[in-house]
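Chemist: My questions all concern the structure below.
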């Protein structure tokens with residue numbers, strides 16, 4: 001009979017821990033939270049110190065019964081949920097339902113699922129950290145008050161089924177504000193002139209930057225023509241060559257935010273997927289003869305701190321496997337940004353000697369790619385900086401200065417293991433000051449200033465972190481929630497507000513300015529941190545927020561008129577009742593629905609017109625989605641016509657066969673005919689059409 005019962009959240013975590021703790025220990029899973037506020041009512045007594053009313057979560061009765069039975073048989077109960085506020089709250093709820101005395105040291109904390117970490121944790125149980133529980137309880141109560149008080153108002157004033165969240169609303173505001181910036185943006189014209197020069201060995205390109213000591217500005221084509229006229233017949237000479245060595249330092253090990261951003265940039269992972277795969281790596285995977293092993297440390301963290309043992313292991317690995325010359329004299333130390341809680345280490349592999357390619361066969365493709373990203377980032381962070389020689393060349397002709405630059409890696413340092421190594425080398429031919437160059441051509445180009453980019457999931461996470469909104473454990477749920485509520489849609493990786501999202505944000509700005517205010521929300525996050533530190537009681541923080549919020553609610557109820565949302569009507573008829581179908585916005589995008597609901601429940605997928613005709617049958621080409629959500633273009637007459645293509649159609653036709661062309665490639669995209677395969681440069685077609 002096991003003498004010690006260890007309770008964690010997930011079965012996968014329980015299986016991994018069982019491997020390390022021997023027969024003396026029984027490891028059970030609570031399957032997440034066991035208690036929460038009721039869904040059918042507010043569950044917070046605002047008249048009695050905001051006391052929450054916790055109930056057993058539906059469906060958890062059998063789990064609780066099993067845990068109580070196991071606890072009665074055990075001499076000691078240890079609670080090991082995740083080492084964060086939410087994990088502390090789960091441990092507290094378990095303590096309550098199991099009847100464990102509050103003065104009993106029953107909480108164990110570990111940041112990686114390894115034998116040494118677990119053995120250390122079970123030897124050092126501590127009391128439940130009530131301040132940390134209070135901070136989580138404060139967040140839960142605040143979110144419940146906003147959600148359950150504000151949502152009914154939105155139901156009455158806009159439409160049924162809406163909901164509002166304290167932090168999510170601010171995220172939607174950021175997206176709406178960015179959309180307004182884009183709409184209000186006025187592009188400004190400007191020109192550049194690139195000189196193409198021939199050396200004895202090759203050609204180089206250099207950009208015009210100044211005349212004498214004055215910077216050259218070319219706002220119009222007239223300015224360009226004036227400069228070109230002045231450069232007519234000029235001879236060009238290399239006037240200056242400057243070489244500098246620069247150190248490029250490695251990036252710190254991953255935090256939750258930076259992991260989500262890099263996984264999006266390099267692996268094309270949505271935030272939710274990154275956290276799901278990271279959870280699998282943390283909880284443990286079966287590595288054959290090794291059994292179930294946790295591969296990374298805890299993945300919800302805002303700290304770049306590394307344990308001394310992990311740093312020592314990395315230094316030994318670098319010296320043995322890569323080379324002593326890559327090892328810095330002292331282990332690098334990285335400082336956190338802003339108000340980092342620094343509760344956990346950075347995200348790193350639990351064993352640096354467990355190389356990605358050695359365990360590749362035991363991992364899924366996504367698990368391998370994310371583990372490799374984490375492993376390389378951590379190892380690189382412990383290595384010497386790269387030394388890069390940057391050469392800057394200036395070319396002069398009639399007082400006009402053209403400049404170009406190139407770089408070469410003199411010492412790779414951390415780039416030896418970094419995926420960014422190929423981004424550095426851009427060589428220039430050997431040149432000497434005073435050397436004359438032959439002008440091949442001067443190439444003027446017209447440009448227009450660009451509006452700010454829409455947020456992607458990764459850049460929104462970065463904005464939330466920089467503004468102090470949310471914490472590592474909340475980024476993924478925030479992004480998932482604003483999309484599921486229909487306030488934001490993701491198109492081509494970009495987040496766009498829906499009309500509904502814009503209406504809700506505008507209403508909140510007018511009547512609940514604090515809830516929608518970025519700075520106020522960041523201050524609330526700091527207060528939650530201070531509750532954990534014991535500076536405030538959680539009831540004080542809730543009281544300071546709720547009393548003015550209640551007044552705003554009463555005023556809004558009196559002053560806000562019903563806001564009608566006119567749904568777009570399509571020309572398509574409902575096959576059941578003959579009404580014109582309406583275009584509605586759902587959590588997965590737009591769809592067609594009969595306005596006769598609930599009498600008529602007919603719905604149909606909505607296809608957005610791509611603006612081109614099918615080359616096979618003449619039908620409309622529409623935008624469709626694959627089973628995995630990837631956008632593609634297909635004929636509206638499917639399945640009778642099965643023409644499809646993955647690439648974005650262009651408003652130009654193929655001169656050979658008449659089919660619409662599509663954009664392909666990165667950077668300067670080519671135009672390709674999806675039907676006959678002919679490839680064109682856009683300039684070719686523009687010249688053929690007689691348009692300059």
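Residue numbers (the UniProt record's numbering): 1 to 692.
Glycine included, C-beta positions come from ideal geometry on N, C-alpha and C.
Because the structure is a prediction, the values reported are computed rather than measured.
In its own chain, which residues sit with a C-beta less than 8 Å from the C-beta of residue 665, not counting the 5 before and 5 after it?
Modeler: none
Chemist: Just tell me which of 74, 76, 63, 106 has its CA closest to the CA of residue 88.
Modeler: Of the candidates 74, 76, 63, 106, the one whose C-alpha sits nearest the C-alpha of residue 88 is 106.
Chemist: Would residue 161 be called buried (16 or more neighbouring beta carbons within 10 Å of its own) or exposed?
Modeler: The C-beta of residue 161 has fewer than 16 other C-beta atoms within 10 Å across all chains shown, which makes the residue exposed.
Chemist: Looking at residue 141 and residue 44, is the spacing between their C-beta atoms short of 8 Å?
Modeler: Cβ distance < 8 Å, so residue 44 and residue 141 count as in contact.
Chemist: For residue 340 and residue 395, I'd like the C-alpha separation in whole angstroms.
Modeler: Bear in mind that a pLDDT of 47 at residue 340, under 50, signals an unreliable position, so the number given afterwards is only what the model happens to contain. Approximately 48 Å, taken between the alpha carbons.
Chemist: Measuring alpha carbon to alpha carbon, tell me which of 622, 288, 330 ends up nearest residue 637.
Modeler: 622
Chemist: To which residues does DSSP link residue 447 through a beta bridge?
Modeler: 190
Chemist: Is it right to say residue 450 is buried, meaning 16 or more other beta carbons lie within 10 angstroms of its own, or is it exposed?
Modeler: exposed
Chemist: Could you check how far apart the C-beta atoms of residue 522 and residue 468 are, in whole angstroms? I think they sit under 8 Å.
Modeler: Rounded, the Cβ-Cβ distance is 3 Å, consistent with contact.
Chemist: Is it the case that the Cβ atoms of residue 7 and residue 113 are separated by a distance below 8 Å?
Modeler: No, these two residues do not count as a Cβ contact at 8 Å.
Chemist: Out of 50, 85, 12, 3, which one is the CA nearest neighbour of residue 531?
Modeler: Considering only alpha carbons, the answer is 85.
Chemist: Within the present structure, is the beta-carbon of residue 210 separated from the nearest heavy atom of the ligand GDP by less than 7 Å?
Modeler: Here there are no bound small molecules, and the ligand GDP is not part of this structure.
Chemist: Report all residues from its chain with a CB closer than 7 Å to the CB of residue 356; omit the five preceding and five following residues, and keep chain order.
Modeler: 368, 371, 372, 375
Chemist: If you draw a straight line from the C-alpha of residue 365 to the C-alpha of residue 263, how long is it?
Modeler: 14 Å
Chemist: Taking the C-alpha atoms as reference points, what is the distance between residue 472 and residue 348?
Modeler: 16 Å
Chemist: What residues in its chain sit with their C-beta under 7 Å from that of residue 269, if we drop five residues either side in the sequence?
Modeler: 263
Chemist: Specify the secondary structure class of residue 303 as computed by DSSP and reduced to three states.
Modeler: coil
Chemist: Tell me the residue span of the beta strand (DSSP E) that contains residue 208.
Modeler: Residue 208 -> beta strand (DSSP E) spans 203-211.
Chemist: How long is the line joining the alpha carbons of residue 250 and residue 580, rounded to whole angstroms?
Modeler: The straight-line gap separating the alpha-carbon atoms of residue 250 and residue 580 is approximately 60 Å.
Chemist: Considering only their Cβ atoms, is the gap separating residue 271 from residue 400 smaller than 8 Å?
Modeler: no
Chemist: May I have a chain-ordered list of the beta strand (DSSP E) segments no shorter than 3 residues that lie completely inside the UniProt domain "Toprim" (3-113)?
Modeler: 4-8, 25-29, 76-79
Chemist: Take residue 286 and list the residues in its own chain whose beta-carbon comes closer than 7 Å to its own, dropping the five residues that flank it on each side.
Modeler: 292, 362
Chemist: Are the region 494-507 and the region 169-182 touching by the rule of at least three beta carbon pairs closer than 8 Å?
Modeler: yes
Chemist: How many whole angstroms separate the CB atoms of residue 478 and residue 486, which I take to be in contact at a CB cut-off of 8 Å?
Modeler: About 15 Å separates the two Cβ atoms, so there is no contact after all.
Chemist: On the CB-based measure, 16 or more other CB atoms within 10 Å of its CB, does residue 123 come out buried or exposed?
Modeler: Residue burial is scored here from C-beta neighbours: residue 123 has fewer than 16 other C-beta atoms within 10 angstroms and is therefore classed as exposed.
Chemist: I'd like the list of long-range same chain contacts for residue 220, defined as Cβ closer than 8 Å, with 5 residues on each side in sequence excluded.
Modeler: 189, 191
Chemist: Quick one: using the 10 Å Cβ neighbour count with 16 as the cut-off for buried, is residue 300 buried or exposed?
Modeler: Residue 300 should be labelled buried.
Chemist: So, do the region 489-496 and the region 453-463 have three or more beta carbon pairs nearer to each other than 8 Å?
Modeler: Judged by Cβ distances under 8 Å, the region 489-496 makes contact with the region 453-463, as three or more pairs qualify.
Chemist: If you draw a straight line from the alpha carbon of residue 632 to that of residue 152, how long is it in whole angstroms?
Modeler: 39 Å
Chemist: Just the Cα atoms here: how many angstroms apart are residue 330 and residue 90?
Modeler: 40 Å
Chemist: Could you check which residue in 509, 583, 626 has the C-alpha nearest to that of residue 166?
Modeler: 509
Chemist: Please state whether DSSP places residue 520 in a helix, a strand or coil.
Modeler: helix
Chemist: Can you name the start and end residues of the beta strand (DSSP E) that residue 468 belongs to?
Modeler: Element bounds for residue 468: n/a, residue is neither H nor E.
Chemist: Roughly how many angstroms lie between the CA atoms of residue 273 and residue 36, to the nearest whole one?
Modeler: 26 Å
Chemist: Given a cut-off of 8 Å, decide if residue 379 and residue 359 are closer than it, judged by their beta-carbon atoms.
Modeler: no
Chemist: Taking the alpha carbon of residue 15 as the point to measure from, which residue in 549, 557, 284, 241 has its own alpha carbon closest?
Modeler: Out of 549, 557, 284, 241, 284 has the C-alpha closest to the C-alpha of residue 15.
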